[in-house]
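So the mapping is simple: my numbering equals the position in the sequence shown, first residue as 1, plus 32. Below is one structure; the comments refer to it alone.
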Amino acid sequence: MKKEYYEKAKQLLFQMTLQEKIGQLCQKNIGDTSGLGEEKNLINEDAYDKIRQGRIGLILQPAWNMIDDIREAQRVAVEESRLKVPLLVHSDIIHGFDTIFPLPIASACSFNTELIRRSAAISATEATVAGINVTHAPMLDIARDPRWGRIAEGAGEDAYLAGEIAKAYVKGFQEDNGRSECLSATLKHFAGYGAAEAGRDYNTCELGERTMRNTYLRPFKAGIDAGAKLVMAGFHTVDSVPMTANAKYLRKILRKEFTFEGVVISDWCAPYELIAHGIAENEREAALAAFQGGIDVEMCSDCYDRFLNELITAGLIDEKTLDAAVLRILMLKFECGIMEDPYLFMRKSGACELPPDHLQVAEKLADESIVLLKNENILPLKPGEKIIVTGSRCFDANLLGCWQSSRFITDTITYPQGLEKEGFHCHYASTAQELISDDCGTVIVFVGEAAENSGEACSEQDIRILEEDTELLRIAKENDKKTVCVVSSGRPMILTETEKYSDAIVYAWYLGHSAGKSLAGILSGRVNPSGKLCVTLPRDMGQIPIYYNHLPTGRPRSEADDNKFTSRYIDGSSEPLYPFGFGLSYSKFIYENLILDSDVITDVPVKASITVENQSDTAGKETVQLYVHDVCAQISRPVKELAAFQKVYLNGRERKTITFKITEEMLSYYHSDNTFCCDPGLFEIYIGGDSETKIFKSLRKI
Numbered sequence: 033m034k035k036e037y038y039e040k041a042k043q044l045l046f047q048m049t050l051q052e053k054i055g056q057l058c059q060k061n062i063g064d065t066s067g068l069g070e071e072k073n074l075i076n077e078d079a080y081d082k083i084r085q086g087r088i089g090l091i092l093q094p095a096w097n098m099i100d101d102i103r104e105a106q107r108v109a110v111e112e113s114r115l116k117v118p119l120l121v122h123s124d125i126i127h128g129f130d131t132i133f134p135l136p137i138a139s140a141c142s143f144n145t146e147l148i149r150r151s152a153a154i155s156a157t158e159a160t161v162a163g164i165n166v167t168h169a170p171m172l173d174i175a176r177d178p179r180w181g182r183i184a185e186g187a188g189e190d191a192y193l194a195g196e197i198a199k200a201y202v203k204g205f206q207e208d209n210g211r212s213e214c215l216s217a218t219l220k221h222f223a224g225y226g227a228a229e230a231g232r233d234y235n236t237c238e239l240g241e242r243t244m245r246n247t248y249l250r251p252f253k254a255g256i257d258a259g260a261k262l263v264m265a266g267f268h269t270v271d272s273v274p275m276t277a278n279a280k281y282l283r284k285i286l287r288k289e290f291t292f293e294g295v296v297i298s299d300w301c302a303p304y305e306l307i308a309h310g311i312a313e314n315e316r317e318a319a320l321a322a323f324q325g326g327i328d329v330e331m332c333s334d335c336y337d338r339f340l341n342e343l344i345t346a347g348l349i350d351e352k353t354l355d356a357a358v359l360r361i362l363m364l365k366f367e368c369g370i371m372e373d374p375y376l377f378m379r380k381s382g383a384c385e386l387p388p389d390h391l392q393v394a395e396k397l398a399d400e401s402i403v404l405l406k407n408e409n410i411l412p413l414k415p416g417e418k419i420i421v422t423g424s425r426c427f428d429a430n431l432l433g434c435w436q437s438s439r440f441i442t443d444t445i446t447y448p449q450g451l452e453k454e455g456f457h458c459h460y461a462s463t464a465q466e467l468i469s470d471d472c473g474t475v476i477v478f479v480g481e482a483a484e485n486s487g488e489a490c491s492e493q494d495i496r497i498l499e500e501d502t503e504l505l506r507i508a509k510e511n512d513k514k515t516v517c518v519v520s521s522g523r524p525m526i527l528t529e530t531e532k533y534s535d536a537i538v539y540a541w542y543l544g545h546s547a548g549k550s551l552a553g554i555l556s557g558r559v560n561p562s563g564k565l566c567v568t569l570p571r572d573m574g575q576i577p578i579y580y581n582h583l584p585t586g587r588p589r590s591e592a593d594d595n596k597f598t599s600r601y602i603d604g605s606s607e608p609l610y611p612f613g614f615g616l617s618y619s620k621f622i623y624e625n626l627i628l629d630s631d632v633i634t635d636v637p638v639k640a641s642i643t644v645e646n647q648s649d650t651a652g653k654e655t656v657q658l659y660v661h662d663v664c665a666q667i668s669r670p671v672k673e674l675a676a677f678q679k680v681y682l683n684g685r686e687r688k689t690i691t692f693k694i695t696e697e698m699l700s701y702y703h704s705d706n707t708f709c710c711d712p713g714l715f716e717i718y719i720g721g722d723s724e725t726k727i728f729k730s731l732r733k734i
């Protein structure tokens, strides 16, 4: 089928004028989301004229209620343009379309790639009904700085976990909807964008090529191998070159090394922003730099539309290079099915409620995304218990999180409503005095930050919990009340002071449509928590960036060693508050008897097994994590790296033997000459419940 599409695309390309070819590379925004629920069509008669002339090949629509505008734009393209080539319709479907799932950072804490795949499949089903062909997701930026607002959109700090999640999203968007041409995934933001200096969005990212290859590029390689059809370049600069014009990464690494054959799209107006970056004097130079750098599609600015014709005519751009880019876009249109039917899947949904089977998946994913960080024998709460609810986030109406435009935004219940439905009796305390005078023995303080405080352009300098919320916990604790702290946020926050006064801490993130119900299920014990942190939680902002898979130093830190001359702080702990992979359960899991079936690895995988026992009566799920450490390599390697994981279910008092296959690929990395291979020497294999596990066996590569 792909060969047939290629021949058809070539035939169509040969019929195009130069301006029509360029038009296939130009994307137009058709909506204004400045006010939620007040989207306005931006397609004016000038835009329709460009569509008729073949000067627009793609449109970006940001909201669910623009299906009539999409249909009309498609009608003009296929009925009034010379070659009748339909438009590709793009949208940012980050964690749901109608049904909103947990934020990606929350979903990553589930360590459940199957549920993530199902959430993506549902998003694709709902979005294509609205006429959308391409989603600008998943975001695969490794993020180690929680001040960066877009940490909410990704899978956290670990490249392996992000790669596994990338594969789940790509499969869900593109393959699980009855036909392969359903919704095309875009891997973004290639590459290194999550390393923005000081956590400030759009800022430069100074990364060495070794770090890029061994960390920031890995999830993209996984997504490409899974079949993703588009890649989006980031806004940022790497090695002094804006990624929008970075031929080394877009043409050499992405195209040649990773053999990516799909479409490369810029981020919003990024070609035009090359002027502000200081590598283009005007829009003509910006168009040249972006195209030569490797950008196929210009998103929403018009440098290509205005100047590519002139640049090709002047011989500064080879028309064959243009033809190759146009072929990629035409191929995508064939693969999406819109060349055969421009209105494929499109219909006006008359549904007045969310489908129950979609909500069921959202609920399961939300249940497993919640992370229980602390529990001093207070949770689960007693059935029907009277509780005090308070805190700055207590009555948040928007529990869906950033990056969503669901028409069912009002279908979310608040946390107190969820608790009431679960059978609890909630008393609201608006002041500390009300909290003290209420005779209820348990207080739930809802803390964190508003949904709109995370996402794009939401960098923050101070990510501590509000003092007034911490004060409520302190007062409650000093008045002999049991305290539960529930955190709603799109980023990791500083909980050090808050933790002192909390008997239990529940990190609830922003969970989407099931937020109120899922949290109530965790607090009541109807749901046994199983989430694990996909990020490291710092003790203090001075530790940022902090991440588990750091390189060793010549003077390793040790909290037990009072030697001053080690890599440590003199005014506080160097250890995180909670490590990557950490998360409690109402079950009690014990690890023992780690066995390798060989202490030497060759091209035959080594089998690693460990016994996990649930020493409680409560059935639960545990994410068993395998980490590797290359003890002595050609370059300095991380102290630990996640290499595999399995989420397993154990009944009360059940024991299971969990088995992993360790391959040479799991021990390999990119060397100084860019070869990807495994060094001979000693490796340590760790298996446990979080990144600080001490259970390990040695393995040698001869």
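Even for Gly, the Cβ is constructed at its ideal location relative to N, Cα and C. Here the structure is a predicted model, which is why all the values come from computation and not from measurement.
Residue nearest to Ser155 in terms of C-alpha spacing, selected from Gln47, Thr502, Ile642, Ala394 | Locating residue 155 in the sequence shown gives position 123, counting from the first residue. It is Ala394.
Assuming Gly433 and Gly522 form a contact by the criterion Cβ under 8 Å, report the distance between their Cβ atoms to the nearest whole angstrom.
-> For this step, residue 433 is matched to residue 401 along the sequence shown. For this step, residue 522 is matched to residue 490 along the sequence shown. The pair is a contact, with the Cβ atoms about 6 Å apart (cut-off 8 Å).
Whole-angstrom C-beta distance between Met525 and Val519, which should lie under 8 Å | Against the sequence shown, residue 519 aligns to sequence position 487. Against the sequence shown, residue 525 aligns to sequence position 493. Correct: roughly 6 Å between the Cβ atoms.
Between the stretch 126 to 144 and the stretch 102 to 114, do three or more beta carbon pairs fall short of 8 Å?
-> no
Could you check the C-alpha separation between Cys490 and Phe339 for me, to the nearest Å?
-> Along the sequence shown, read from residue 1 onward, the residue named residue 490 stands at position 458. Along the sequence shown, read from residue 1 onward, the residue named residue 339 stands at position 307. Spanning the two alpha carbons is a distance of roughly 33 Å.
Classify Cys335 as helix, strand or coil using the three-state DSSP reduction.
-> The sequence position of residue 335 within the sequence shown is 303, counting from 1. Note: Cys335 maps to helix in three-state DSSP.
Cys368 by DSSP, collapsed to three states: which one?
-> Along the sequence shown, read from residue 1 onward, the residue named residue 368 stands at position 336. Correct three-state label for Cys368: helix.
Counting Cβ pairs closer than 8 Å, one from the stretch 641 to 649 and one from the stretch 698 to 710, do we hit at least three?
-> no
Where Asn278 falls, given that 16 or more other Cβ within 10 Å makes a residue buried | Within the sequence shown, numbered from 1, the residue matching residue 278 stands at position 246. Here Asn278 is buried: its Cβ has 16 or more other Cβ atoms, across all protein chains shown, within 10 Å.
In angstroms with no decimal places, state the Cα-to-Cα distance between Asp81 and Gly55.
-> Mapped onto the sequence shown, residue 81 falls at position 49. Mapped onto the sequence shown, residue 55 falls at position 23. Straight-line Cα distance between these residues: approximately 12 Å.
Any C-beta of chain B sitting closer than 9 Å to the C-beta of Asp233?
-> The chain inventory of the structure shown lacks chain B, comprising one protein chain alone.
Relative to the C-alpha of Asp13, which residue among Asn341, Glu238, Val295, Arg283 is closest?
-> Beyond the ends of the chain as shown, which are 33 and 734, falls residue 13; an answer cannot be given.
Residues in its own chain within less than 6 Å of Tyr601 by CB, not counting five upstream and five downstream?
-> Translated into positions along the sequence shown, residue 601 becomes position 569. The answer is none, since no qualifying residue turns up.
With which residues is Cys566 paired in a DSSP beta bridge?
-> Looking up residue 566 in the sequence shown gives position 534. DSSP lists no beta-bridge partner residue for Cys566.
Go ahead and label Asn736 buried or exposed: buried means 16 or more other beta carbons lie within 10 angstroms of its beta carbon, across all protein chains shown.
-> Missing from the structure shown is residue 736; the chain here goes from 33 to 734 and no further.
Check Thr444 in the structure and name its three-state DSSP category.
-> Along the sequence shown, read from residue 1 onward, the residue named residue 444 stands at position 412. Here Thr444 sits in coil by DSSP.
Nearest candidate by alpha-carbon position, reference Asp631, set Tyr718, Tyr701, Phe621, Lys729 | Along the sequence shown, one-based indexing puts residue 631 at 599. With distances taken between Cα atoms, Asp631 lies closest to Lys729.
Under 6 Å Cβ to Cβ from Leu616, same chain only, skipping five residues before and after it: list those, please.
-> Residue 616 sits at position 584 when you count from the first residue of the sequence shown. Cβ neighbours of Leu616 beyond the five flanking positions: Leu404, Asn407.
State the DSSP-derived secondary structure class of Thr18, mapped to helix, strand or coil.
-> Residue 18 lies beyond the stretch modelled for the chain, which goes from 33 to 734, so this question has no answer here.
Shortest alpha-carbon distance to Asp535 belongs to which of Lys549, Ser546, Leu543, Leu555?
-> As a working note, residue 535 is residue 503 in the sequence shown. If we check each option's Cα against that of Asp535, Leu555 comes out closest.
For Phe205 and Ser216, the rounded distance between their alpha carbons | Taking the first residue of the sequence shown as position 1, residue 216 is located at position 184. Taking the first residue of the sequence shown as position 1, residue 205 is located at position 173. So the alpha carbons of these two residues sit roughly 7 Å apart.
Decide yes or no for the touch test of the stretch 651 to 663 against the stretch 717 to 725: beta carbon pairs closer than 8 Å, at least 3 of them.
-> Touching, per the Cβ criterion.
Between which two residues does the alpha helix (DSSP H) containing Phe252 stretch?
-> Counting from 1 along the sequence shown, the entry for residue 252 is found at position 220. First-last of the alpha helix (DSSP H) with Phe252: 250 to 257.
Give the DSSP-derived three-state secondary structure of Ala482 in the structure shown.
-> For the purposes of this step, residue 482 is taken as the residue at position 450 of the sequence shown. Coil at Ala482, not helix or strand.
Does the Cβ-Cβ distance between Thr276 and Gly325 come in under 9 Å?
-> Within the sequence shown, residue 276 is the residue found at index 244, counting from 1. Within the sequence shown, residue 325 is the residue found at index 293, counting from 1. Contact check for Thr276 against Gly325 passes: the beta carbons are separated by less than 9 Å.
Touching by the beta-carbon criterion (3+ pairs, under 8 Å), the stretch 115 to 125 and the stretch 366 to 386 = Touching, yes, given that three or more Cβ pairs across the two stretches are closer than 8 Å.
Could you tell me the distance, in whole angstroms, from the CA atom of Lys549 to the CA atom of Arg150?
-> Locating residue 549 in the sequence shown gives position 517, counting from the first residue. Locating residue 150 in the sequence shown gives position 118, counting from the first residue. So the two alpha carbons sit approximately 20 Å from each other.
For the putative contact between Asp173 and Phe612, defined by C-beta atoms under 8 Å, what is the C-beta separation to the nearest angstrom?
-> For the purposes of this step, residue 173 is identified with residue 141 of the sequence shown, where counting begins at 1. For the purposes of this step, residue 612 is identified with residue 580 of the sequence shown, where counting begins at 1. About 17 Å; that fails the 8 Å criterion.
Residues near Thr145 by beta carbon distance below 8 Å, same chain, minus five either side | One-based indexing of the sequence shown puts residue 145 at position 113. Answer for Thr145: Glu196, Ile197, Lys199, Ala200, listed in chain order.
Tell me whether the beta-carbon of Ala223 lies closer than 9 Å to the beta-carbon of Phe267.
-> As a working mapping, residue 223 is identified with position 191 in the sequence shown. As a working mapping, residue 267 is identified with position 235 in the sequence shown. No, the Cβ-Cβ distance between Ala223 and Phe267 is not below 9 Å.
Would you give the residue range spanned by the alpha helix (DSSP H) that Thr236 belongs to?
-> In the sequence shown, counting from the first residue as 1, residue 236 sits at position 204. Counting along the chain, Thr236 falls outside any alpha helix (DSSP H), and DSSP gives it neither H nor E.
Between the C-alpha atoms of Asp337 and Leu674, what's the straight-line distance to the nearest angstrom?
-> For the purposes of this step, residue 337 is taken as the residue at position 305 of the sequence shown. For the purposes of this step, residue 674 is taken as the residue at position 642 of the sequence shown. Those two C-alpha atoms are separated by around 45 Å.
Any idea what DSSP makes of Thr650, helix, strand or coil?
-> Within the sequence shown, the letter at position 618 stands for residue 650. Three-state DSSP puts Thr650 in coil, outside helix and strand.
Nearest-angstrom beta carbon gap, Leu115 and Gln47 [assumed within contact, 8 Å] | Locating residue 47 in the sequence shown gives position 15, where the first residue counts as 1. Locating residue 115 in the sequence shown gives position 83, where the first residue counts as 1. Confirmed, Cβ separation roughly 6 Å.
Within the same chain, show all residues whose beta-carbon is closer than 8 Å to that of Ala464, passing over the 5 residues directly before and after it, in chain order.
-> Locating residue 464 in the sequence shown gives position 432, counting from the first residue. Once the five neighbours on either side are set aside, the close Cβ partners of Ala464 are Glu503, Leu504, Ile507.
Compare the Cα-Cα distances from Gln678 to each of Phe129, Val671, Val660, Phe692 and report the closest residue.
-> Stepping through the sequence shown from its first residue, residue 678 is reached at position 646. Residue Phe692 is the option with its Cα nearest to Gln678.
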